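In structure tokens:
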């Protein structure tokens, strides 16, 4: 059985992205995409985040974010700290183990990307960056 042919450029792009997603291999033992999105959000933030802020950043409801935070606390990937400016507010901060997990994840992803880009010349890489950036900027916010 053959796959249906893409109807337009959007379909072709979605099919290509789907093929990329399918190459990620077996699920990591880090708790899956939700926990990784949480850890990446905390790592990328310029200041510690609250659970509600994490929920907004990773696009889940507050109860789901709270569960992900608690699971991550239980695994010693993050810790809760009182906000020095407002003791009623709790901040979520990466632990050394959480930082090590994120660093390892980023390195694996970077290695895979460099392998995939090995056949691209400099102008193709530049054009890919330009086009992906343009796509990211134009992507509708949920």
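Numbering (the working numbering), first residue to last: 385 to 526.
Built from N, CA and C at the ideal position, the CB exists for glycine as well.
Because the structure is a prediction, the values reported are computed rather than measured.
Nearest-angstrom Cα separation, counted from residue j out to residue i
i: residue 435; j: residue 477; result: 11 Å
i: residue 498; j: residue 442; result: 26 Å
i: residue 503; j: residue 518; result: 23 Å
i: residue 488; j: residue 482; result: 10 Å
i: residue 449; j: residue 493; result: 24 Å
i: residue 419; j: residue 473; result: 22 Å
i: residue 509; j: residue 516; result: 10 Å
i: residue 609; j: residue 491; result: Nothing can be reported for residue 609, as the shown portion of the chain is limited to 385 through 526.
i: residue 417; j: residue 511; result: 29 Å
i: residue 524; j: residue 397; result: 16 Å
i: residue 393; j: residue 444; result: 30 Å
i: residue 438; j: residue 466; result: 16 Å
i: residue 507; j: residue 501; result: 12 Å
i: residue 521; j: residue 403; result: 22 Å
Per-residue burial, residue i [other beta carbons within 10 Å of its own, 16 or more giving buried]
i: residue 495; result: exposed
i: residue 430; result: exposed
i: residue 410; result: Any answer about residue 410 is weak, because its pLDDT of 47 lies below 50 and its placement is not dependable; what the coordinates show is given next. Burial call: exposed.
i: residue 446; result: exposed
i: residue 513; result: exposed
i: residue 486; result: buried
Contact under 8 Å by Cβ, residue i with residue j
i: residue 422; j: residue 452; result: yes
- Count the CB pairs spanning the region 451 to 467 and the region 415 to 427 that are closer than 8 Å, and state whether there are at least three. yes
- Going along the chain, which unbroken runs of the beta strand (DSSP E) with 3 or more residues stay wholly within the region 415 to 502? 462 to 467, 470 to 478
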